[in-house]
Amino acid sequence: MKKRIAVVPGDGIGVDVTREAVKVLEAVGQAAGHQFDLVEFDWGADRYLREGVSLPAGALDDLRGNFDVILLGALGDPRIPDMSHAKDILFGMRFGLDLFCNLRPVKLLHPSLTPLKKFTEIDFVIVRENTEGLYAGIGGNFKKGTPDEVALQEDVNTYKGVERIIRFAFDYARAHGRKRLVMSDKSNALTYGHDLWQRLFAQLAPQYSDIESRHLYVDNLAFQMVKNPAQWDVIVTCNMFGDIVSDLGAALVGGLGIAPSGNLNPAGISMFEPVHGSAPKYAGKNVANPLGAILTVGMLLDHLGLREEAGWVEEAARASLADGQTARDLGGSLGTREVGDWLANYITARYPARPVPTDRR
Ligand code: NAD
Ligand code: IPM
Ligand code: MN
Numbered sequence: 107m108k109k110r111i112a113v114v115p116g117d118g119i120g121v122d123v124t125r126e127a128v129k130v131l132e133a134v135g136q137a138a139g140h141q142f143d144l145v146e147f148d149w150g151a152d153r154y155l156r157e158g159v160s161l162p163a164g165a166l167d168d169l170r171g172n173f174d175v176i177l178l179g180a181l182g183d184p185r186i187p188d189m190s191h192a193k194d195i196l197f198g199m200r201f202g203l204d205l206f207c208n209l210r211p212v213k214l215l216h217p218s219l220t221p222l223k224k225f226t227e228i229d230f231v232i233v234r235e236n237t238e239g240l241y242a243g244i245g246g247n248f249k250k251g252t253p254d255e256v257a258l259q260e261d262v263n264t265y266k267g268v269e270r271i272i273r274f275a276f277d278y279a280r281a282h283g284r285k286r287l288v289m290s291d292k293s294n295a296l297t298y299g300h301d302l303w304q305r306l307f308a309q310l311a312p313q314y315s316d317i318e319s320r321h322l323y324v325d326n327l328a329f330q331m332v333k334n335p336a337q338w339d340v341i342v343t344c345n346m347f348g349d350i351v352s353d354l355g356a357a358l359v360g361g362l363g364i365a366p367s368g369n370l371n372p373a374g375i376s377m378f379e380p381v382h383g384s385a386p387k388y389a390g391k392n393v394a395n396p397l398g399a400i401l402t403v404g405m406l407l408d409h410l411g412l413r414e415e416a417g418w419v420e421e422a423a424r425a426s427l428a429d430g431q432t433a434r435d436l437g438g439s440l441g442t443r444e445v446g447d448w449l450a451n452y453i454t455a456r457y458p459a460r461p462v463p464t465d466r467r
């Protein structure tokens, strides 16, 4: 199989972890006999500060037209406190490519990783709406900088946007043998927007009578996630709440260093990135955990239809954790590069290379 993959390492530890994710991707490609053509893009803070360019003109068309999938590291740099370049690039891709589902699995890969010692199995996915809500960028400041200032940030919930993410979550549950789905909102306080979530959820649930569906207010969800994380299969929620509960979810299974995610457009190109940010204090120091980025490669492979190869990545991750071959955030002593090497070597040793088929003429 031949695939073109756009790689955007981004800023800070995004660069460090993406290097290791690519190492593992290449090991998988060699082992399975796939040709992955990787094209790296230098979008990020350095280029923005140097040239004033964040997301270059024509970038989205290039991605749409010439690539099968995108791998992103992370964006964010203390030299650009308003995150303007990061918003252009990250939201540019999420909104511009209509990546309306942010899929964030919360899976316990080794029992030692959860701070909730009662639980040995945690395995659910957060389906986060990714193109609207409070992230729509609608609002403004009136009388800015004065004591009379008014700051508005609109929460945009569209029928189309809410309907498609709830439907996606139900379809995902059905396709992946997940039995339970919870829709979480704050309709008791956010009367207009989240009432729309309630109505659409009530409308769609009967079409999926094979899935046990329920509703929870998001404050209760946060509580229940910690109290009994084993009760979840699929959680669907809005952009803002999805952002928050996905960091909480990560904390339940080992932390931000190992949490992967996919930004999906089922009808177009999709983008994969770890849940974590650019963690500037760790940048370039060979300490960041690359497992989140590497497991993100697993999701990317699965998305490309390479389910078996995706399984190799998870298997390698589980093996490294079981063997204590971990980075500092998980209590180990390995550096970023050493974790990447360990996983790549594991795959190479366990799955001997298949030849890349040559084109028939
Ligand atoms: P962060 O995720 O970068 O880091 C928070 C903390 O989590 C770190 O201090 C560290 O203790 C831990 N951590 C995160 N990733 C880790 C890893 N791979 N290995 C080990 N430990 C890890 O969040 P932040 O500090 O709030 O944000 C830093 C910058 O990143 C900001 O500019 C923020 O806006 C940006 N950000 C970007 C993305 C993205 O690109 N998708 C996501 C979140 C934050
Ligand atoms: C994430 C991040 C982003 C978000 C930030 C960097 C804008 O926290 O991907 O979770 O809020 O979506
Ligand atoms: Mn976040």
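In my numbering, the protein residues as written are 107 to 467. The beta-carbon is built from N, C-alpha and C at its ideal position, and this holds for glycine as well. Just so you know, these numbers come straight off a predicted model, no measurement behind them.
Ligand 3 never approaches D261 closely enough for any of its heavy atoms to be under 7 Å from the residue's Cβ.
Scanning its chain for C-beta atoms nearer than 6 Å, with the 5 sequence neighbours on each side dropped, one finds around P396 the residues V123, E126, T442, V445 and G446, in chain order.
Excluding five sequence positions before and after E415, the CB atoms of its chain that fall closer than 7 Å to its own CB belong to V134, A138 and L407, given in chain order. Membership of S367 in the beta strand (DSSP E) is indicated by the continuous run P366 to L370.
Collapsing the DSSP output to three states places A433 in a strand. Relative to S160, the option among I176, L144, M189 and N172 whose CA is nearest is M189. Its chain contains L240, A242, I244 and G245 as the residues whose beta carbon lies nearer than 8 Å to that of E260, once the 5 sequence neighbours on both sides are disregarded; these appear in chain order. Of the other Cβ atoms in all chains shown, fewer than 16 fall within 10 Å of the Cβ of Q337; this residue is therefore exposed. For S426, the enclosing alpha helix (DSSP H) begins and ends at R413 to A428. Minimum Cα-Cα distance from D117 among the listed residues R185, Q309 and F378 corresponds to R185.
Put simply, the backbone Cα of H282 is about 11 Å away from that of I317.
No residue range can be given for F225, since it is assigned to no beta strand (DSSP E) and is classified by DSSP as neither H nor E.
At a cut-off of 7 Å, the beta-carbon of N172 does not count as near ligand 1: no heavy atom of the ligand is closer than that.
The beta carbon of F329 sits closer than 7 Å to none of the beta carbons in its chain outside the five residues before and after it. Contact annotation: the stretch 376 to 385 does not touch the stretch 304 to 315, with fewer than three C-beta pairs closer than 8 Å.
Within the same chain, A328 and M331 come within 7 Å of L354 by CB-CB distance, once the 5 residues on both sides are set aside.
Look at T124 here: in three-state DSSP terms it is helix. Within the DSSP bridge table, the entry for Y298 names no partner. Boundaries around Y154 are those of the alpha helix (DSSP H), A151 to E157, since no beta strand (DSSP E) includes it. Close CB contacts of G430 within its chain, under the 7 Å cut and outside five residues either way in sequence, are with G438 (chain order). The beta strand (DSSP E) runs lying completely inside the stretch 270 to 326 and spanning 3 residues or more are 286 to 291 and 318 to 323, given in chain order. Under the three-state reduction of DSSP output, V342 falls in the strand class.
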